[in-house]
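J.: Protein chains in written order, with my numbering: chain A, 1 to 113; chain B, 1 to 114.
Every residue, glycine too, gets a C-beta built ideally from N, C-alpha and C.
Below is the structure I would like to discuss, written out as structure tokens.
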């Protein structure tokens, strides 16, 4: 099964509302990242939070990490129609020197104008 | 500077033909990855390069898939005897040193096998 699993699978909100997306994972991590994807093309990195951090901000984005619950949340405040995209969380599955990111299946966010 | 580039953007091929997909990572990035994404699905890890060597090939779905990287830069993903189930978007990403760092993605190659 996926290391990172996002919840909900799909989210539809009105412009101006806040969007909260969650990610749960199974094994210990060094960091967790959130990415955004428009129209099935390349992903764009949004934010990285390390295992010793609890909260991080970047513009309208706020990410929290709870390592005891093995979960993270991404909050987008004052959403805009342009925020419509798929959002993925990714965790590192460090196994010695060959660490790699494992991506979840993504959350489809629709922001209605 | 330039980001990750991939070519071609789109590829339509007939079942049974071979295809080559190319990835140019960001200059100086030593780590390079290939992923596959089927319609509406998440990213499926295929292979990871550190320099020219591939310490993790665990995601390659069959022996029809192979990849190489030369000069610590350009990478080519080759699919032999393509099947319809190979139809997907193939994404390449690079990172500065380690796989768990921020990855920078290319726009992808959309492959359609008829």
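#1: In chain B, what lies closer than 9 Å to residue 45 (chain A) by C-beta?
#2: Look at the alpha carbon of residue 79 (chain B) and the alpha carbon of residue 89 (chain A), and state the distance between them as a whole number of angstroms.
#3: Is residue 36 (chain A) close to chain B, meaning its C-beta is less than 7 Å from at least one C-beta of that chain?
#4: Would you say residue 69 (chain A) lies against chain B (beta-carbon separation less than 7 Å)?
#5: Residues of chain B with CB under 7 Å from residue 106 (chain A), in chain order?
#6: Helix, strand or coil: which one does DSSP assign to residue 9 (chain A)?
#7: Just tell me which of A:37, A:36, A:43 and A:31 has its CA closest to the CA of residue 56 (chain A).
#8: Using three-state DSSP, classify residue 81 (chain A) as helix, strand or coil.
#9: For residue 83 (chain B), which residues in the same chain have their Cβ closer than 7 Å to its Cβ, ignoring the five residues on either side in sequence?
#10: Is residue 56 (chain A) close to chain B, meaning its C-beta is less than 7 Å from at least one C-beta of that chain?
#11: Based on DSSP bridge pairs, tell me the residues matched to residue 52 (chain A).
T.: According to the structure data:
#1: One-based indexing of the first chain puts residue 45 (chain A) at position 45. Listed along the chain, the chain B residues whose CB falls inside 9 Å of the CB of residue 45 (chain A) are 102, 103, 104 and 105.
#2: Within the second chain, numbered from 1, the residue matching residue 79 (chain B) stands at position 79. Within the first chain, numbered from 1, the residue matching residue 89 (chain A) stands at position 89. Near 28 Å, if we compare the C-alpha coordinates of residue 89 (chain A) and residue 79 (chain B).
#3: For this step, residue 36 (chain A) is matched to residue 36 along the first chain. By this cut-off, residue 36 (chain A) is not an interface position.
#4: Translated into positions along the first chain, residue 69 (chain A) becomes position 69. Contact with chain B is absent for residue 69 (chain A), since none of that chain's Cβ atoms lies less than 7 Å from the residue's Cβ.
#5: Reading the first chain from its first residue, position 106 is the one you call residue 106 (chain A). Result: 42.
#6: Sequence index remark: in the first chain, residue 9 (chain A) carries index 9 (1-based). Coil at residue 9 (chain A), not helix or strand.
#7: As a position in the first chain, residue 56 (chain A) is number 56, starting the count at 1. Among A:37, A:36, A:43 and A:31, the Cα nearest to that of residue 56 (chain A) is on A:31.
#8: As a working note, residue 81 (chain A) is residue 81 in the first chain. In the structure shown, residue 81 (chain A) sits in a helix (DSSP, three-state: H, G or I).
#9: Within the second chain, the letter at position 83 stands for residue 83 (chain B). Cβ within range, chain order: 15 and 113.
#10: On the first chain, position 56 is the one that residue 56 (chain A) refers to. Not one chain B Cβ lies under 7 Å of residue 56 (chain A).
#11: Position 52 of the first chain holds residue 52 (chain A). Paired residue(s): none; residue 52 (chain A) is not in a bridge.
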